[in-house]
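Before any comments, here is the structure.
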Amino acid sequence: MKSQKEIINQLSKEEQQILQHVMTLEQTNLYIKDLKENRSKEKEVIENVVKLIEKEIRNEN
Numbered sequence: 000m001k002s003q004k005e006i007i008n009q010l011s012k013e014e015q016q017i018l019q020h021v022m023t024l025e026q027t028n029l030y031i032k033d034l035k036e037n038r039s040k041e042k043e044v045i046e047n048v049v050k051l052i053e054k055e056i057r058n059e060n
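The C-terminal position of the sequence shown is numbered 60 in numbering that gives the first Met the number 0, with every residue numbered one higher than the one before it.
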């Protein structure tokens with residue numbers, strides 16, 4: 000079985016460039032997905048903190 004490097008070396012320069020672009024796009028998509036997930040988690044944490052503060056304020060009154 001050929002290694003990844005051997006397979007890539009058999010590709011033309013143009014095919015290698017296309018492969019590199021596709022891999023870069025996939026990496027970018029994963030990065031964007033991670034950012035969206037982290038943003039959702041941050042939003043959830045902030046909402047929970049606000050709820051806790053509101054609860055404490057109501058308890059003081």
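From the three backbone atoms N, C-alpha and C, an ideal C-beta is built for every residue, glycine too. Since this is a predicted model, take the numbers as computed values, not measurements.
(message) Whole angstroms are fine: how far does the CA of L29 sit from the CA of I6?
(response) 25 Å
(request) Name the two residues that bound the continuous alpha helix (DSSP H) containing M22. (result) K12 to E59
(request) Work out the CA separation of N37 and K12 for me, nearest whole Å. (result) 37 Å
(request) Give me the Cβ distance between L18 and L10, rounded to the nearest whole Å; I'm assuming they're in contact under 8 Å. (result) 7 Å
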